[in-house]
Structure formats: structure tokens, C-alpha cells
Amino acid sequence: MSFSLKRMLRRRPRAAAVPGTEPAASAELTASIVPVIRRADRFSVQDLLVEASYGVGARPSRLVMTTLGTVLGIASLVVTIGFAQTAAGQISNQFDAVSATQVMIEPASTRNSSGAEQATGRLPWDAPERVDRLAGVERAGLVADVDVAGQPVTSVPVNDPSAAQTLSPAVIATSPGLLAAVRGNIVTGRFFDAGHDERGDRVAVLGSRAAETLGINRVDSQPSIFIGEVSYTVIGIIDGVERRANLLDAVIVPLNTARAEFGLTAPAELHLQIQVGAGTLVSRQAPIALDPSSPENFTVQAPAAASSLQDNIQADINIVFLTLGILALLAGGLGIANVTLLSVMERVGEIGLRRALGATKRDIARQFIVESAVIGLLGGLIGSALGVFAVVVVSLLQGWTPILDPFVAIGAALLGTVVGLAAGAYPAVRASNIEPITALRGGT
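As C-alpha cells, then:
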């Protein structure tokens, strides 16, 4: 028997005869006192909380098993939403890292009478300096294919007629800032700088595959390659180019070196690395910066403000994970309902005793609803904490950035209470409909 029931039994007034009164007067006095007694015997808020806490903690093992269902449901919901948001963030980062931050500008072209394409504009040699001043532009670099007039590119000056003919690497001219603009990495050595370009030095940087073809894997001994019979000092080897991947198969020389040695007339492409979301602004302003009088002479390939493919992928992931979370939460709610209903059937005698002491149907219903809500709240708090912990740990192990809206964690904890209320509604109604006489006759 709970503390509240014992207190109610102690405070229940006993019937006493009133001296000097007739039976009819005593009956009248008793009738006037009974409503007051009944109102005093009904559960107060304190009684409701005491009885609910007793009902929740009376069977710790059952409380653990009941709460476990809600914990798993809420934790699954938080984990699935957290992983959905984290996965969407990873997808967004992948899109942003390559597509949303790269812009390429090239001269516009038209077809002449013979069907061949003919450029209508030319990129200026100082194009990187012109676009560097634009908002959103982080790095810029020029690139052009070099026509070496069939001269072989070798690592030795000896021409052996009996040796098997191999395909020479292509020669490409770039400005010093191109490597950063296309997200390339230096494997060994360095990339040429503005000084090399201004002087037209005979230096070269090799792509990783071109270096392997030429048999060069280190630059500390200042190896040389030969374009025709002219030597160029190799100062670096690059790899990991995310844009313009043909650089890995090429010999790269400074633009002014290509102009002086091979008669390069104009750059072919201007590559930009921009900030996320600046594509629209840069695509509109860059042609004006390159040629204010004829901006239409340039074609700009810039990322859109938002990727529909990216949005579709994120939406699909959210739907899948959210569906799984809801199913897990429903399983937890059913667990609370089943255990609460079983508790009602086991506590029939206790319910009858409370009804006999003055508890109304509403009091009984409130007690079981409060018990279910408390169980749901406990499960929600624990499940939400475990879900957040799981998202953070898994994300850190995978090297991801964990993303989880704090309102999801708070809302999940409160959702546990809502699930408890909903799950306890039917058992509470079932308990409130138990009649005192029936309960006391058949209860234990």
C-alpha cells in the first residue's frame, strides 16, 4: 500500500453520535457533512503526484523494460534525423568542394562559313589580376595548350633512332596561380612563381603521370627535360588536380616562357576558385572586368545558386531516415501502452480501494496518464541523449562534421512525453471504468 493511501486511511473521519440529538437530526447533520468529507477525501495534486511516482517506481525492473522501448524509439529517431542531416551536409560539402566553387571562362566562338569554330574574343594576359578584385573570387589562373611543332619531349638529349618511339607528354602553359585555382597539390619541389613567369625562365613542372613517363621522381638534383633540343629545369611535380585533370599528363611551363619560345598568342581558359554561392555574381561581373566594351565575347561556366540534384538527394535521404525513426518510435509507444495496460490489470484491487476512499474516475485516469507521461519523459530524455552521443561519435570516427539541429534533441525528449500520454490514454480509460465493488471482490 502506498504512502498516500495510508495517509488517506488515517485521515478518514469516523462516524460518531452527537449527544442530545435525535436520529433524524443526526442523519441531517451527517448528510450535510458527507459532501464536505467526500470533497476532502478526493485526490489533490499532491496525492496524484505521490501515487504516480509510487506506481512508476514500485517495480524497477518493469520500469527499466518499459522505458527501454521509449529510449530505443527516441534514440532511433534522433540518430536517423542526425545522420540524415550529417549525410546531407557531407553531400553538400562534396558538391561545394568541386562544383560550387569552380568557374571557367573562355573566349566565345562562332562557326565560320567552312564550319570551323572561330573565337570572337581573347583573354587578356593580365586576366587573373583583373578578376582578383571581384567579390567572391579567391584564386585565378590562366592556361593554354602549347604547340611545340612536333618536337619530342624527353628526359635525355640523346636521340636514339633504334629506340622504340614513345608518345611525348603534352606541353601546357599556365600562370603561377593556376595550381591553387584548380586545387592541385605539390608532390615534390615547388610550382613556378611570378618571377619565373616575368623573366620567361626555362623551368618546368611535371604532372605525376608525365613524371612517371619521363622517369623523374625527384627534383633535388635539378633534373632537366628537353623539348626538342632546349633544356628546361624541372622544379616540381604535381598531383591531385580536381579540375583540368590533363595537367597530370603534361609538362607545364610559364605563360611568358611559352610566348617567347613557342609563339603562344593568347590564353585559352581562365579558371577561378570562388566562394560558395558567388557563382551568379562572378559570372555576371567577370566578363565586364575582362573587357568592359565587349563582355559578350566571353563564355562563363559557373555553378548555379543551388543544385537540384543535391536537393533531391538530401530530400530522399531525409524521407528514408525519418520513416525509420517514426517506425521505431511507434514500437516504443506500443511498448508503453502494453506495459501500462498490464499494470492496470495487476492493480485492480488497488484501483478499487482508491475508488472506495473517494477517488473519482477522473482521479484514476489522471494517475495512469501521469505515470505514462513520466515514463515517456524519462525515455525521451535518455533516448535523446544517447542519440546525440551516437551521432557525434560515429561522425567523428568517420571524419565527418556532425550536424544536428538542437531543436531536434529537445523536441525528441518532449516527444517522448507525448508518446507516453498517447500510449497511456486507453489504459487510463480502462482503469477509470473499473467499479469499486467489482475491483474489491476480484482484486488482490
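Quick note: the sequence shown, position 337, residue 920 per this note's numbering, numbers continuous.
Where a beta carbon is used, it is the ideal one built from N, C-alpha and C, also for glycine.
Next item on the list: Spell out a yes or no on whether the region 779 to 797 and the region 811 to 824 are touching, meaning 3 or more CB-CB pairs, one atom from each, closer than 8 Å.
Entry: yes
Checklist line | Beta-carbon proximity list for residue 1011, same chain, < 6 Å, skipping 5 on both sides | finding: 948, 951 and 952
Check: Does the Cβ-Cβ distance between residue 864 and residue 718 come in under 8 Å?
Finding: yes
Item checked: Straight-line gap, residue 838 to residue 982 (C-alpha atoms, nearest Å) -> 39 Å
Note to self: Buried or exposed for residue 780, going by 16 or more other Cβ atoms inside 10 Å?
What the structure shows: buried
Notebook entry, point to check: So what's residue 798 in DSSP terms, helix, strand or just coil?
Noted result: coil
Check: Among 1017, 940 and 757, which one has its Cα closest to the Cα of residue 777?
Finding: 757
Next item on the list: Please report how far the alpha carbon of residue 884 lies from the alpha carbon of residue 688, in whole angstroms.
Entry: 6 Å
Next item on the list: Note the first and the last residue of the continuous alpha helix (DSSP H) segment covering residue 1010.
Entry: 989 to 1015
Check: When the Cα of residue 732 is compared with those of 709, 796, 845 and 943, which residue comes out closest?
Finding: 845
Check: How would you call residue 736, buried or exposed, if buried means at least 16 neighbouring beta carbons within 10 angstroms?
Finding: buried
Next item on the list: Rank 998, 730 and 724 by C-alpha distance to the C-alpha of residue 848 and give the top, closest one.
Entry: 730
Note to self: Going residue by residue through the region 747 to 775, where are the continuous alpha helix (DSSP H) segments of at least 4 residues, counting only ones entirely within it?
What the structure shows: 761 to 764
Note to self: For residue 843, report the span of its alpha helix (DSSP H) as first-last.
What the structure shows: 838 to 845
Next item on the list: May I ask you to report which of helix, strand or coil DSSP gives residue 850?
Entry: coil
Check: Between which two residues does the beta strand (DSSP E) harbouring residue 722 extend?
Finding: 720 to 729
Item checked: Those residues which DSSP pairs with residue 701 across a bridge -> 693
Next item on the list: Provide the residue(s) that pair with residue 736 in DSSP beta bridges, ordered along the chain.
Entry: 810
Checklist line | residue 868 versus 701, 814 and 720, residue with shortest Cα-Cα distance | finding: 720
Margin query: I need the straight-line Cα distance from residue 1018 to residue 924, nearest angstrom please.
Written below: 17 Å
Checklist line | Boundaries of the beta strand (DSSP E) in which residue 575 is found, first to last residue | finding: There is simply no residue 575 to check, as the chain begins at 584 and stops at 1027 in what is shown.
Item checked: Buried versus exposed call for residue 918 [16 or more other C-beta atoms within 10 Å across all chains shown] -> buried
Check: Contact between the region 933 to 940 and the region 991 to 1011: three or more CB pairs below 8 Å?
Finding: no
Checklist line | Span of the beta strand (DSSP E) around residue 977 | finding: Run containing residue 977: none in the beta strand (DSSP E); it sits in the alpha helix (DSSP H), 944 to 981.
Next item on the list: Answer with buried or exposed for residue 976, where buried requires no fewer than 16 other C-beta atoms within 10 angstroms of its C-beta.
Entry: exposed
Check: Counting only beta-carbon atoms, is residue 884 nearer than 8 Å to chain E?
Finding: In the displayed structure, chain E is absent; only one protein chain is listed.
Check: Is the CB-CB distance between residue 817 and residue 785 below 8 Å?
Finding: no
Next item on the list: Identify the continuous alpha helix (DSSP H) that holds residue 824 and give its terminal residues.
Entry: Unbroken run through residue 824: none, as it is neither H nor E.
Notebook entry, point to check: Per DSSP, which one or two residues make a beta bridge with residue 917?
Noted result: None; residue 917 has no bridge partner.
Next item on the list: Starting from the C-beta of residue 1015, find all residues in its chain whose C-beta is less than 6 Å away, skip the five residues before and the five after it, and write them out in chain order.
Entry: 944, 947 and 948
Margin query: Under DSSP, the beta strand (DSSP E) around residue 788 begins and ends at which residues?
Written below: 786 to 790
Note to self: Under DSSP, the alpha helix (DSSP H) around residue 934 begins and ends at which residues?
What the structure shows: 931 to 939
Notebook entry, point to check: Would you report the Cα separation of residue 759 and residue 831, rounded to the nearest angstrom?
Noted result: 16 Å
Checklist line | Exposed unless 16 or more other CB atoms sit within 10 angstroms - verdict on residue 666 | finding: buried
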